[in-house]
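Chains A and B are the protein sequences, given in the same order. Going by this note's numbering, the first sequence opens with residue 92, and the numbers climb by one from there. Going by this note's numbering, the second sequence opens with residue 92, and the numbers climb by one from there.
Number of protein chains: 2
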Amino acid sequence: MKLRQVGEFGLIQRIERLARHIHGSAVALGIGDDAALLRAKAGEDIAVTSDAFVEGVHFRFDHESPRTAGRRALAATLSDLAAMGARPLGFTLSLSVAPDREVDRVLAVVKGGLEVAAEHACPLVGGNVAASESFELHLTALGAVTRGRALGRAGGRPGDHLFLSGPVGRSALERARGRVKHVPEPRIALGRALAWTGRVSACIDVSDGVLADLAHLCRASGVGARLRVPELPRPVGFEAACRRAGREPEELLLAGGEDYELLFSVRGSAPIDLPPELAATTSLVPVGVLARGGLEVVGGQGGVADSGRESGGWRHF
Amino acid sequence: MKLRQVGEFGLIQRIERLARHIHGSAVALGIGDDAALLRAKAGEDIAVTSDAFVEGVHFRFDHESPRTAGRRALAATLSDLAAMGARPLGFTLSLSVAPDREVDRVLAVVKGGLEVAAEHACPLVGGNVAASESFELHLTALGAVTRGRALGRAGGRPGDHLFLSGPVGRSALERARGRVKHVPEPRIALGRALAWTGRVSACIDVSDGVLADLAHLCRASGVGARLRVPELPRPVGFEAACRRAGREPEELLLAGGEDYELLFSVRGSAPIDLPPELAATTSLVPVGVLARGGLEVVGGQGGVADSGRESGGWRHF
C-alpha cells in the first residue's frame, strides 16, 4: 500500500501506535499536542542534538534493510547524547517522504529506530510528516545531565590520556563491502558513568572517524594530540577482512566513521572506575595522549594522517 | 557561489556567524559540541516541537523571497511554543540542500529565520547540514513553561468560551494570489500571558485553518463546539479582496491556515486580563463556545463546514 492511500494522518497514527509502548519517566505530555512537555530533575540541564538521515546519502535499501537503516539513525542521534554523558528523555522525528512510497517500508525504518529508542527508554514525543521527493529522517534527541557534569569537547588539557571505548573500523568496512548489518550501540550508559567520574576532560563519539573526531576535540580544547595507531582497538580479523575487501586497514581505522564508540581524555593516571555491569562488558583502551602543538599520528603507515586534521571523515559537499 | 564551493563546514561556519548575535539566557553550552545544553528555571517543564519546511511544498521562491520563506518557517515553529504558553529557549536547524544551490539563497532563507528567532530571543543551538536533492528546513524549538501552567489542547469543557487572538484568512488569501508577503508573528507573549491567567482550558495555534484546528482541539478535549462565522475576525477589506481573487471569503476564513493566531477556550465569563503592553495591541475576539456533541458552524453559507472536521486544512498526502 502506498502512503497516499493511508494519508498523512494515517501514517502518523501508525507511527504513534508503533511508538506507544516506549515509556519515559520524563514525559509530562506526550505526542499529539502543539508541543510535548518533558520534565528533567532538579539541577539537571537539557541536552539537545539534531541529526539527519537522507536516502541515498546516509542509507540505501540495496545496502541494508529498512530496519537496519532506522536502527542506525536512532543510534547515531542517541550517540550524541552519550558523548555528553546525558540520559535520554525523548526524541522527535521529522519525516519527509514521497506519497508514492510503500507504507510498510517507511514503517519498517521507523520501527527499526523505535527498537533502539526503546532499548534506551527514549520515547517518541513529537514530530512531523511532510511530502517530499526525498526520503529523510530528521531526528532531535533530548537528554538530561546533572549541571556541571556534562562531558564536552572543550576541556581537554595537554597530558590528559586518550581512551577509546571499543573497536573502530567495522562500520567503514561494512560500507566498503556494500552491505551494512552491524548497528553500533549508542554508549549511553558508558557516557553517564564517565560523566559521574568527574575526571573526563573531553569526550566525543566517533561518528566522522577517529582522526576527524579527535581533530574536533583538539580544536575545541585548544590542544594537540599524539595518537598511537597500533593501539587502536579493532574487530577480530580486521586486517584480513580489509585485505579481502581491497582496503587499507589503517585508512578504515583512522578515517572510517559511524562506530559510535566514545573517544575521551582523562585527567590523571589512575584507572577509570566503571560500575560493575559496565566494567564486565567494556574495555577502555588507551590510544594516546593530548599534547601541545598539532595532531601527531604515531606508528602508522602515513598517508591518511596528513588529511586527517581538516578533511578526514565524511563531508556532504 | 555554489554550496559545493564553500563545503559543508563552510556553510555551517557562515550560519554560525549569522546566528552568533542571538543570545539566550538559557544556553549553558551553545552550538558546536555533540549536543547543546539548555538550562530551564526550577519548576519549569521543557516544551519541544518539530516542524518541516520543504521547497515546493511549504515554500516556493517564485511566490516569496528567501527571507520571507525563512521567516515563515521560524514563525510556524515558534507558534507551537506560543500555543503551549512556553517561552523560547533555543532551536535547532537540520538543513537538507543540494550542493549545486547558491550559497547566498540558502543563507538568505536562514537569515530570515534568524530574524524571527532574534525577535523572540531564541538562539540557534545546534543542527545539521546534509546533501539532498530536496531543499528542506527541519526545525525543532525548545521552550520552558512553569509546571502545571502549560496550555494544551485537551482541557476544554462544554460551556467554555472560544476566542481568537486576531484575524484569520490573510495567509490563505496571499497563497491564493500566488504571492506571500505577510509573515504572521508567533504569539509568544500572548501565549505566556494566557498561561498565567490559569483560566485558559485549551489552546491551539491556527496553522491548518480555524475549522481543522478547532476540530483538533475538540477531539483532544472530547467536546464539540459552536463556531460563529460572522464573528470571525478578518483583515480589513477581506471580502472584496477575496472576490477580486475569485475566492469564497468563508472558505479562506474557515479552511485557510498559517495565520498563527491562537484559538483558545476560557473557563467562566469574566474578561481575560492581559498585561497593559499586550492589551494595547491585542483584541481577543469571542467566536463561539465549546459544547457537547459535534462541531457546529453557525451563520455561514455552508459547504466548507461539512468537510471541516476531518479534511479541512492542508494535508500532505
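No residue lacks a Cβ here, since even glycine has one placed at the ideal position from N, Cα and C. Please read all numbers here as calculations on a predicted model, not as lab measurements.
Alpha-carbon to alpha-carbon, residue j and residue i
i, j, result
"Ala212/B", "Gly347/B", "29 Å"
"Arg244/B", "Ala303/B", "13 Å"
"Leu129/A", "Ala370/A", "31 Å"
"Glu368/B", "Ala280/B", "10 Å"
"Ala174/B", "Ile295/B", "5 Å"
"Glu341/B", "Arg278/B", "24 Å"
"Val297/A", "Leu228/A", "21 Å"
"Phe355/A", "Gln104/A", "41 Å"
"Gly247/B", "Gly313/B", "8 Å"
"Gly217/A", "Ser141/B", "7 Å"
"Val389/A", "Leu120/A", "52 Å"
"Leu344/A", "Ala331/A", "13 Å"
"Arg266/B", "Asp299/B", "14 Å"
"Asp251/B", "Val357/B", "5 Å"
"Lys445/A", "Arg162/B", "With chain A running from 92 to 408 in the structure shown, residue 445/A is simply not present."
"Ser360/B", "Val236/A", "44 Å"
"Glu224/A", "Gly204/A", "21 Å"
"Glu401/B", "Gly289/B", "Any answer about Glu401/B is weak, because its pLDDT of 43 lies below 50 and its placement is not dependable; what the coordinates show is given next. Computed Cα separation, rounded: 30 Å."
"Pro258/B", "Gly385/B", "24 Å"
"Leu285/A", "Ser187/B", "34 Å"
"Ala336/B", "Phe150/B", "20 Å"
"Pro324/B", "Leu305/B", "15 Å"
"Glu99/B", "Val301/B", "41 Å"
Interface residues of chain C facing residue i [CB-CB closer than 9 Å]
i, result
"Ala174/B", "In the structure shown, chain C cannot be found, because the protein chains are A and B."
Option in the options with minimal Cα separation from residue i
i, options, result
"Ala221/A", "Ala143/B, Ala263/B, Gly384/B, Ser356/B", "Ala143/B"
"Pro321/B", "Gln392/B, Arg268/B, Thr237/B, Ser356/B", "Gln392/B"
"Pro190/B", "Val148/A, Pro179/A, Glu349/A", "Val148/A"
"Val97/B", "Arg192/B, Leu264/B, Ala263/B, Cys309/B", "Arg192/B"
"Lys202/A", "Ala164/A, His252/A, Arg248/A, Pro366/A", "Ala164/A"
"Ser185/B", "Arg158/B, Leu102/B, Gly257/B", "Leu102/B"
"Ala177/A", "His273/A, Ala138/A, Ala208/A", "Ala138/A"
"Gly206/B", "Ala110/B, Arg290/B, Arg317/B, Thr372/B", "Correcting the residue identity first, residue 206/B is Glu in this sequence and not Gly. The shortest Cα separation from Glu206/B among Ala110/B, Arg290/B, Arg317/B, Thr372/B belongs to Ala110/B."
"Leu230/A", "Ala332/A, Ala331/A, Gly181/A, Leu285/A", "Gly181/A"
"Ser116/A", "Thr183/A, Met92/A, Pro179/A, Ser170/A", "Pro179/A"
"Gly260/A", "Gly250/A, Arg108/A, Cys333/A", "Cys333/A"
"Phe254/B", "Ile106/B, Ile363/B, His112/B, Val236/B", "Ile363/B"
"Val197/A", "Leu172/A, Glu339/A, Gly385/A, Glu146/A", "Glu146/A"
"Leu242/A", "Arg151/A, Val274/A, Gly269/A, Leu353/A", "Leu353/A"
"Ala166/B", "Asp350/B, Met92/B, Thr372/B, Val327/B", "Asp350/B"
"Arg49/B", "Pro249/B, Pro275/B, Leu169/B", "Missing from the structure shown is residue 49/B; chain B here goes from 92 to 408 and no further."
Delimiting residues of the beta strand (DSSP E) encompassing residue i
i, result
"Pro324/B", "First-last for Pro324/B: undefined, no H or E at that position."
"Asp299/B", "From DSSP, Asp299/B is part of no beta strand (DSSP E); its letter is neither H nor E."
"Val357/A", "353 to 357"
"Gly218/A", "215 to 222"
"Phe182/B", "178 to 188"
"Thr237/B", "227 to 237"
"Asp136/A", "135 to 145"
"Leu120/B", "118 to 120"
"Phe254/B", "252 to 255"
"Glu99/A", "Glu99/A -> not in any beta strand (DSSP E); alpha helix (DSSP H) instead, spanning 94 to 110."
"Val376/B", "376 to 382"
"Leu318/B", "315 to 319"
"Glu387/B", "386 to 389"
Element boundaries [alpha helix (DSSP H), containing residue i]
i, result
"Ile279/A", "279 to 288"
"Leu329/A", "According to the sequence provided, residue 329/A is Phe. The question's Leu does not apply to it. From DSSP, the alpha helix (DSSP H) with Phe329/A extends over 329 to 335."
"Val194/B", "194 to 210"
"Gly161/A", "157 to 175"
"Arg261/A", "261 to 268"
"Ala127/A", "Where Ala127/A is concerned, there is no enclosing alpha helix (DSSP H), although the beta strand (DSSP E) it sits in stretches over 127 to 129."
"Leu369/B", "367 to 370"
"Glu342/B", "340 to 346"
Please name the residues in the segment 203 to 233 of chain B whose beta-carbon is closer than 9 Å to at least one beta-carbon of chain A, in chain order.
Val216, Gly217, Gly218, Asn219, Val220, Ala221, Ala222, Ser223, Glu224, Ser225, Glu227, His229, Leu230, Thr231, Ala232, Leu233
Note down, in chain order, all residues in the segment 132 to 151 of chain B with a beta-carbon under 7 Å from any beta-carbon belonging to chain A.
Ala133, Asp136, Ile137, Ala138, Val139, Thr140, Ser141, Asp142, Ala143, Val145, Val148
Against chain A: residues of the segment 263 to 295 of chain B by CB proximity under 7 Å
For the segment 263 to 295 of chain B, which is checked against every Cβ of chain A, the residues closer than 7 Å are Ile295.
When Cβ atoms are compared, which residues of the segment 183 to 196 of chain B fall closer than 7 Å to chain A?
Thr183, Ser185, Ser187, Pro190
May I ask you to list, following chain order, the residues of the segment 107 to 121 of chain B that have a beta carbon less than 7 Å from some beta carbon of chain A?
Ala119, Leu120
Using a Cβ-Cβ cut-off of less than 8 Å, give me the residues of the segment 315 to 341 of chain A that come near chain B, in sequence order.
Flagged: no residues at all.
Does the segment 116 to 125 of chain A come within contact of the segment 150 to 160 of chain A, defined as at least 3 CB pairs closer than 8 Å?
no
Cβ pair count under 8 Å reaching 3, the segment 318 to 332 of chain B against the segment 372 to 384 of chain B
Yes, the segment 318 to 332 of chain B is in contact with the segment 372 to 384 of chain B.
Under 9 Å, CB to CB, which of the residues in the segment 241 to 261 of chain B have a partner in chain A?
So the close ones are Ala241, Leu242, Gly243, Arg244, Ala245.
If contact means a Cβ-Cβ distance below 7 Å, which residues of the segment 160 to 171 of chain B contact chain A?
Asp171
The segment 351 to 368 of chain A: which residues have C-beta closer than 7 Å to a C-beta of chain B, in chain order?
none
Under 8 Å, CB to CB, which of the residues in the segment 299 to 311 of chain A have a partner in chain B?
Listed in sequence order: Ala311.
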